[in-house]
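**Student:** Handing you this structure, nothing more for now.
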Amino acid sequence: MYIFKFFSNLLGTVYRCGNLKFTPDGNSLISPVGNRITVFDLKNNKSETLPLAAQYNVACMGLSPDGNLAILVDEEGSALLVSLISKSVIHRFHFQKPVHSVCFSPNGKKFVITKDKVALMYHAPGKKREFNAFVLDKTYYGPYDETTCIDWTDDSRCFAVGSKDMSTWVFGAERWVNLVYYALGGHKDAIVACFFEENSLDLYTVSRDGALCVWQCDTELNGLITRTSKSHPTDQAESAKDLDEELIETQRDKEIHGKTSGNEKQNKKKVKYSCAAKYFFNKEGDFNTLTAAAYHKKIHLLVTGFASGIFHLHELPEFNLIHSLSISDQRIASISINNTGDWIAFGCAGLGQLLVWEWQSESYVLKQQGHFNSMVSLAYSPDGQYLVTGGDDGKVKVWNTSSGFCFVTFTEHTSIISAVTFTSSGYVVLSASLDGTVRAFDLHRYRNFRTFTSPRPTQFSCLAVDSSGEIVSAGSQDSFEVFVWSVQSGRLLDVLDGHEGPISSLCFNPVKCVLASASWDKTVRLWDMLDSWRTKETLTLSSDVLAVAFRPDGNELAVVSLDGQITFWDHENAMQAGSIMGRHDLQMGRKELDKITAKQAAKGKSFTSLCYSADGQCILAGGLSKYVCIYHVKEQILIKKFEISCNHSLDAMQEYLDRRKMTEFGSMALIEEGNGDDDDVIIPLPGVKRGDMSSRHFKPEIRVTCLRFSPTGRDWAATTTEGLLIYSLDSSLTFDPFDLEIDITPRNIRKVLYQKEYAKAIVMAFRLNEKKMIQEVLETVPYDEIDIVCSSLPDLYIEKVLEFLASCFEKSRHLEFYLVWTQKLLMLHGCKLKTRSEKLLPIVQFLQKSIQKHFEDLSKLCDWNCYNMKYILSISQQRGMKRRAEDSEHNDLKNLEDSSSEDFMEESAVHL
1 MYIFKFFSNL
11 LGTVYRCGNL
21 KFTPDGNSLI
31 SPVGNRITVF
41 DLKNNKSETL
51 PLAAQYNVAC
61 MGLSPDGNLA
71 ILVDEEGSAL
81 LVSLISKSVI
91 HRFHFQKPVH
101 SVCFSPNGKK
111 FVITKDKVAL
121 MYHAPGKKRE
131 FNAFVLDKTY
141 YGPYDETTCI
151 DWTDDSRCFA
161 VGSKDMSTWV
171 FGAERWVNLV
181 YYALGGHKDA
191 IVACFFEENS
201 LDLYTVSRDG
211 ALCVWQCDTE
221 LNGLITRTSK
231 SHPTDQAESA
241 KDLDEELIET
251 QRDKEIHGKT
261 SGNEKQNKKK
271 VKYSCAAKYF
281 FNKEGDFNTL
291 TAAAYHKKIH
301 LLVTGFASGI
311 FHLHELPEFN
321 LIHSLSISDQ
331 RIASISINNT
341 GDWIAFGCAG
351 LGQLLVWEWQ
361 SESYVLKQQG
371 HFNSMVSLAY
381 SPDGQYLVTG
391 GDDGKVKVWN
401 TSSGFCFVTF
411 TEHTSIISAV
421 TFTSSGYVVL
431 SASLDGTVRA
441 FDLHRYRNFR
451 TFTSPRPTQF
461 SCLAVDSSGE
471 IVSAGSQDSF
481 EVFVWSVQSG
491 RLLDVLDGHE
501 GPISSLCFNP
511 VKCVLASASW
521 DKTVRLWDML
531 DSWRTKETLT
541 LSSDVLAVAF
551 RPDGNELAVV
561 SLDGQITFWD
571 HENAMQAGSI
581 MGRHDLQMGR
591 KELDKITAKQ
601 AAKGKSFTSL
611 CYSADGQCIL
621 AGGLSKYVCI
631 YHVKEQILIK
641 KFEISCNHSL
651 DAMQEYLDRR
661 KMTEFGSMAL
671 IEEGNGDDDD
681 VIIPLPGVKR
691 GDMSSRHFKP
701 EIRVTCLRFS
711 PTGRDWAATT
721 TEGLLIYSLD
731 SSLTFDPFDL
741 EIDITPRNIR
751 KVLYQKEYAK
761 AIVMAFRLNE
771 KKMIQEVLET
781 VPYDEIDIVC
791 SSLPDLYIEK
801 VLEFLASCFE
811 KSRHLEFYLV
821 WTQKLLMLHG
831 CKLKTRSEKL
841 LPIVQFLQKS
851 IQKHFEDLSK
861 LCDWNCYNMK
871 YILSISQQRG
881 MKRRAEDSEH
891 NDLKNLEDSS
901 SEDFMEESAV
911 HL
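Going by UniProt numbering, the sequence shown opens with residue 1, and the numbers climb by one from there.
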């Protein structure tokens with residue numbers, strides 16, 4: 001059951017580096033996260049990380065105009081051609097050097113990449129029948145320094161390239177007579193972005209020192225002249241050479257003859273640019289480095305981001321300031337605008353922030369931030385619907401496993417979070433920290449309602465709560481004690497001492513009120529919570545104990561020690577039931593600066609976290625490695641190893657030494673190549689590199705800090721250096737028959753179903769074990785006969801029907817129909833299911849999770865409808881009252897007119 005797993009989602013990190021892209025419909029945002037990409041569906045409030053990965057962190061990304069293809073380029077220049085429809089890699093290509101930017105033409109036929117000082121134009125894959133997906137069309141030279149940005153004209157005839165040499169180059173995508181290339185200066189710093197105006201060759205260039213230049217072109221787009229075959233040069237370089245020779249001859253004629261030659265008249269027809277205006281963003285005099293910019297051509301909106309976290313909205317070409325706001329205290333690394341121009345996306349790499357701002361209503365559409373330091377611990381809610389994580393940044397975050405979004409962040413702790421957990425109710429989150437406090441958070445009101453402290457200041461390293469949710473305990477790493485509190489009163493109940501080393505792990509027995517505490521003193525102590533907090537048993541091991549976990553039924557205890565062994569204990573009799581030597585399966589990677597091999601380094605490593613599966617048959621283990629191992633407990637064998645990452649931007653990923661990075665002076669990793677952010681400090685000395693010379697460059701080490709299995713048994717999660725990885729059961733169509741016979745075919749099943757033998761058809765469908773067939777049979781059963789069919793089902797198939805119903809609740813719209821099935825099965829077979837409650841617990845929790853999700857969605861919808869009905873009723877009442885008041889006023893005026901006319905008639909009669 002647990003062998004067929006696949007990567008499901010990545011939580012905890014929403015943005016690392018690279019550029020953001022909106023899909024063509026404007027409803028989804030694509031964000032690079034390390035060596036993966038995440039698609040945020042802003043309309044349906046969901047996020048999904050695609051199950052593909054590059055070898056290094058994604059540096060830049062290009063999206064085709066139809067939104068079907070994406071090109072991902074990592075830091076080393078290796079590119080992936082990705083299909084966003086099938087979510088798979090189509091082609092791999094290596095550009096040999098780091099790529100700065102990728103941009104598709106508006107017609108989707110070509111794309112341009114920039115690396116070093118050149119721009120390369122390729123034919124877009126899928127537009128022509130080519131053997132190779134990436135076919136080079138032209139190579140463009142011109143800039144004297146690294147290129148930074150690309151932008152195309154609307155008709156895909158020309159494109160502009162910005163450079164760090166403070167110039168912008170306009171190139172023709174085709175062979176034009178009057179435009180081969182054109183260089184634009186006027187800036188005093190590197191170009192950050194360049195943008196063409198809509199349906200025009202007019203250009204805007206933005207530099208890092210906060211200057212905006214408006215360039216006007218004397219030629220329209222339709223004024224570009226196609227080069228004839230006679231004057232067709234062999235390639236772009238020859239054409240550029242010819243034009244240079246013409247310019248030199250023209251200048252020579254001017255100097256010698258002092259008059260206009262024929263060549264100069266011809267050059268007057270060529271495309272020329274003039275600087276129409278120049279604006280500055282730093283008008284106050286405070287220098288603020290401009291780091292990112294984006295421009296929407298239809299509404300003429302320019303968005304600029306700065307190193308201080310401030311962004312500006314300007315209307316061009318008048319340069320009118322629309323809005324200015326500070327969204328972070330870190331530099332804005334990337335900006336993107338959707339096609340409609342309503343939403344603006346900002347990415348801040350320093351804190352891992354991702355924001356989507358609706359500028360017209362001045363409100364956030366999306367506001368997410370991951371742990372900007374390593375995540376340390378995680379825990380599932382009892383129904384598997386939520387996840388809580390704690391990190392080195394002192395924050396506690398709660399995530400929705402269905403949508404992938406964080407919906408609440410608690411920042412009350414002032415130091416590293418060492419452990420987090422849920423209570424049995426699922427509405428209280430407990431967290432322990434090195435700041436000496438254990439805090440309880442309420443998920444109804446989103447507040448810290450209880451804080452547990454010790455008599456003397458201490459650092460808590462682990463945390464556990466009992467199955468009733470009434471008792472919480474935390475272990476200390478400096479006083480070697482275990483503190484026990486009451487959740488209801490917040491009072492310290494007892495202090496358990498006896499360990500002679502730091503407490504590394506705590507775990508309550510799910511069935512009995514017994515607490516297991518693991519320590520570095522090579523012992524595991526069992527404490528009886530009902531018998532005066534006395535030590536019930538002491539288990540002695542041969543090495544320091546790092547983690548401990550009870551089996552879900554409470555009959556077995558698993559212990560991980562520093563020597564790499566996983567030991568299983570019968571804690572009632574204090575007897576060892578088995579052991580697994582896991583050091584050989586850990587496969588520790590080699591660091592860049594290690595002087596020993598990976599095989600030798602792994603001898604001193606061990607697992608640091610372990611967790612039982614929902615049914616207790618398997619156990620997960622992970623540690624300072626890129627692998628997570630799953631073992632069968634009874635057979636004590638390795639079932640599968642999961643490689644959590646292939647990102648070589650992290651350390652300890654290599655198994656062997658890379659000789660290409662070795663020199664006679666040592667490893668090239670010792671050389672400090674990174675100078676920090678080039679935008680923070682500017683040194684105006686010639687020949688000196690820009691940047692902070694005191695900054696240090698390091699690679700984070702790959703590791704697994706915590707593992708947890710979902711109570712539903714459908715997925716498991718791991719906190720790693722990359723983020724929170726979730727692995728789920730493969731939901732794709734797999735033929736996995738159960739007790740199959742030769743006469744069980746779809747045709748025979750439909751034949752039995754036509755004969756109205758529904759129970760037999762259900763049994764045959766489950767034996768064939770095809771999801772669509774099972775769904776067809778169940779939905780064919782009449783509503784009135786569900787009770788009879790449920791009563792006649794064999795006991796073996798009741799569990800299978802319940803598990804299938806739980807999976808159907810996630811996507812099906814027939815809620816009432818499947819709820820009736822569930823109710824009848826539980827009412828008729830509830831007593832039989834109690835005898836197998838341990839095996840059925842994951843299925844029931846999976847069922848509860850699916851039903852609870854629909855309940856919350858429907859309750860919100862019903863509450864919203866109630867409020868709307870009340871509002872409509874009050875409006876109708878107000879209008880009725882107003883109408884009655886107007887009618888009464890009209891009647892009074894009419895009566896007054898009638899009475900005045902009668903009085904006038906009487907007076908006139910008397911007068912006569």
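Just so it is clear, CB atoms sit at the ideal spot from N, CA and C, and this is done for glycine as well.
Pull up the distance between the alpha-carbon of M653 and that of S381, whole angstroms please.
**Tutor:** Within the sequence shown, the letter at position 653 stands for residue 653. Within the sequence shown, the letter at position 381 stands for residue 381. Distance between the alpha carbons of M653 and S381: 32 Å.
**Student:** How about C646 and A59: are their beta carbons less than 8 Å apart?
**Tutor:** Translated into positions along the sequence shown, residue 646 becomes position 646. Translated into positions along the sequence shown, residue 59 becomes position 59. No, they are not a contact pair.
**Student:** For the alpha helix (DSSP H) that A759 lies in, which residues bound it at each end?
**Tutor:** Mapped onto the sequence shown, residue 759 falls at position 759. Here the alpha helix (DSSP H) through A759 covers Y758 to L768.
**Student:** Is V844 helix, strand or coil by DSSP?
**Tutor:** One-based indexing of the sequence shown puts residue 844 at position 844. Here V844 sits in helix by DSSP.
**Student:** When we look at the beta-carbon of G185 and count the other beta-carbons within 10 Å, is it buried (16 or more) or exposed?
**Tutor:** Here the question's residue 185 lines up with position 185 in the sequence shown. When all chains shown are included, G185 counts as exposed.
**Student:** Measure the alpha-carbon distance for F766 versus N35 and round it to whole angstroms.
**Tutor:** Here residue 766 refers to the residue found at position 766 when the sequence shown is read from its first residue. Here residue 35 refers to the residue found at position 35 when the sequence shown is read from its first residue. Their Cα atoms are separated by approximately 40 Å.
**Student:** Note down the Cα distance separating Q565 from C706, rounded to an integer number of angstroms.
**Tutor:** Counting from one through the sequence shown, the residue named residue 565 turns up at place 565. Counting from one through the sequence shown, the residue named residue 706 turns up at place 706. Between Q565 and C706, the C-alpha separation is close to 17 Å.
**Student:** Would you mind stating whether D137 and K110 have Cβ atoms separated by less than 8 Å?
**Tutor:** Stepping through the sequence shown from its first residue, residue 137 is reached at position 137. Stepping through the sequence shown from its first residue, residue 110 is reached at position 110. Yes, these two residues count as a Cβ contact at 8 Å.
**Student:** Going by DSSP, what residues sit across from H91 in a beta bridge?
**Tutor:** Start at 1 with the first residue of the sequence shown, and residue 91 comes out as number 91. For H91, which the question treats as bridged, DSSP gives the partners L81.
**Student:** Based on Cα-Cα distance, which residue from I30, V429, S517 and S274 lies nearest to S336?
**Tutor:** The residue labelled residue 336 in the question sits at position 336 within the sequence shown. Ranking I30, V429, S517 and S274 by Cα distance to S336 puts I30 first.
**Student:** For R879, which of helix, strand or coil comes out of DSSP?
**Tutor:** What you label residue 879 is simply residue 879 of the sequence shown in a count that begins at 1. Three-state result, R879: helix.
**Student:** What residue range does the alpha helix (DSSP H) around T523 cover?
**Tutor:** As a first step, residue 523 must be located in the sequence shown, where it is residue number 523. Premise fails: T523 lies in the beta strand (DSSP E), T523 to D528, not in any alpha helix (DSSP H).
**Student:** Is the number of C-beta pairs between the region 40 to 47 and the region 351 to 368 that are closer than 8 Å three or more?
**Tutor:** Short answer: they touch.
**Student:** Return the first residue and the last residue of the beta strand (DSSP E) that D151 is part of.
**Tutor:** What you label residue 151 is simply residue 151 of the sequence shown in a count that begins at 1. Where D151 is concerned, the enclosing beta strand (DSSP E) stretches over T147 to W152.
**Student:** Only counting the same chain, and skipping five residues up and downstream in sequence, which positions put a Cβ closer than 6 Å to that of S229?
**Tutor:** Residue mapping note: residue 229 aligns to position 229 of the sequence shown, counting from 1. For S229, the pLDDT reaches just 49, beneath the cut-off of 50, and the residue's location in the model is therefore unreliable, leaving the point undetermined.
**Student:** Rounded to whole angstroms, what is the Cα-Cα separation between F281 and A211?
**Tutor:** Counting from 1 along the sequence shown, the entry for residue 281 is found at position 281. Counting from 1 along the sequence shown, the entry for residue 211 is found at position 211. Near 6 Å, if we compare the C-alpha coordinates of A211 and F281.
**Student:** How many whole angstroms separate the CB atoms of A516 and F550, which I take to be in contact at a CB cut-off of 8 Å?
**Tutor:** Counting from one through the sequence shown, the residue named residue 516 turns up at place 516. Counting from one through the sequence shown, the residue named residue 550 turns up at place 550. Between F550 and A516 the Cβ distance is about 7 Å, and since that is below 8 Å, they are a contact.
**Student:** Tell me whether L620 is buried or exposed, calling it buried when 16 or more other Cβ atoms sit within 10 Å of its Cβ.
**Tutor:** For this step, residue 620 is matched to residue 620 along the sequence shown. Under this definition L620 is a buried residue.
**Student:** Whole-angstrom Cβ separation of G394 and Y15, contact assumed at under 8 Å?
**Tutor:** Within the sequence shown, residue 394 is the residue found at index 394, counting from 1. Within the sequence shown, residue 15 is the residue found at index 15, counting from 1. With a Cβ gap of about 20 Å, G394 and Y15 do not count as contacting.
**Student:** Report all residues from its chain with a CB closer than 7 Å to the CB of residue 940; omit the five preceding and five following residues, and keep chain order.
**Tutor:** It is not possible to answer for residue 940, since the shown part of the chain is limited to 1 through 912.
**Student:** Helix, strand or coil for R439? Go by DSSP, reduced to three states.
**Tutor:** If you number the sequence shown from 1, residue 439 lands on position 439. R439 falls in the strand class under three-state DSSP.
**Student:** Can you grab the Cα-Cα spacing for the pair V801 / L847, in whole Å?
**Tutor:** By one-based count along the sequence shown, residue 801 stands at place 801. By one-based count along the sequence shown, residue 847 stands at place 847. Rounded to the nearest angstrom, the two C-alpha atoms are 11 Å apart.
**Student:** Would you kindly work out how many angstroms separate the C-alpha atoms of T289 and F306, rounded to a whole number?
**Tutor:** Position 289 of the sequence shown holds residue 289. Position 306 of the sequence shown holds residue 306. Each residue's alpha carbon lies about 6 Å from the other.
**Student:** Return the Cβ separation of T147 and S167 in integer angstroms, given the expectation that the two are a contact with Cβ distance under 8 Å.
**Tutor:** For the purposes of this step, residue 147 is taken as the residue at position 147 of the sequence shown. For the purposes of this step, residue 167 is taken as the residue at position 167 of the sequence shown. Not a contact, Cβ separation roughly 10 Å.
**Student:** Would the beta-carbon of A333 fall within 8 Å of that of A349?
**Tutor:** Your numbering for residue 333 matches position 333 in the sequence shown. Your numbering for residue 349 matches position 349 in the sequence shown. A contact, by the Cβ cut-off of 8 Å.
**Student:** What three-state label does DSSP hand G18 in the structure shown?
**Tutor:** Locating residue 18 in the sequence shown gives position 18, counting from the first residue. Of the three classes helix, strand and coil, the one that applies to G18 here is coil, per DSSP.
**Student:** Measure how close the beta-carbons of E481 and L493 come, nearest whole angstrom, since I'm counting them as under 8 Å.
**Tutor:** By one-based count along the sequence shown, residue 481 stands at place 481. By one-based count along the sequence shown, residue 493 stands at place 493. The pair is not a contact, with the Cβ atoms about 13 Å apart (cut-off 8 Å).
**Student:** Say the cut is 7 Å; is the CB of I335 nearer than that to a heavy atom of the ligand FMN?
**Tutor:** You won't find the ligand FMN in this model; it holds no ligand whatsoever.
**Student:** With burial defined as no fewer than 16 other Cβ atoms inside 10 Å of the residue's Cβ, what is the status of T401: buried or exposed?
**Tutor:** As a working note, residue 401 is residue 401 in the sequence shown. Buried.
**Student:** Roughly how many angstroms separate the alpha carbons of L463 and D383, rounded to a whole number?
**Tutor:** On the sequence shown, residue 463 is found 463 positions in, with the first residue counted as 1. On the sequence shown, residue 383 is found 383 positions in, with the first residue counted as 1. Rounded to whole angstroms, L463 to D383 spans 20 Å at the Cα level.
**Student:** Quick one: is F276 buried, meaning 16 or more other Cβ sit within 10 Å of its Cβ, or exposed?
**Tutor:** Indexing the sequence shown from 1 puts residue 276 at position 276. In the sequence on display, residue 276 carries Ala and not Phe. A276 is exposed by the Cβ-count criterion.
**Student:** Could you give the first and the last residue of the continuous alpha helix (DSSP H) run that contains Q775?
**Tutor:** On the sequence shown, residue 775 is found 775 positions in, with the first residue counted as 1. From DSSP, the alpha helix (DSSP H) with Q775 extends over K771 to T780.
**Student:** Out of curiosity, what's the CA-to-CA distance linking C790 and Y783?
**Tutor:** Translated into the one-based positions of the sequence shown, residue 790 becomes position 790. Translated into the one-based positions of the sequence shown, residue 783 becomes position 783. Computed Cα separation, rounded: 12 Å.
**Student:** Classify T540 as buried or exposed, calling it buried when 16 or more other Cβ atoms lie within 10 Å of its own Cβ.
**Tutor:** Stepping through the sequence shown from its first residue, residue 540 is reached at position 540. Answer is exposed; the Cβ neighbour count stays below 16.
**Student:** Cβ of L29 less than 8 Å from any chain C Cβ?
**Tutor:** Of the protein chains in this structure there is only one, and it is not chain C.
**Student:** Reducing DSSP to helix, strand and coil, say where N27 ends up.
**Tutor:** Here residue 27 refers to the residue found at position 27 when the sequence shown is read from its first residue. Residue state, collapsed to three classes: coil.
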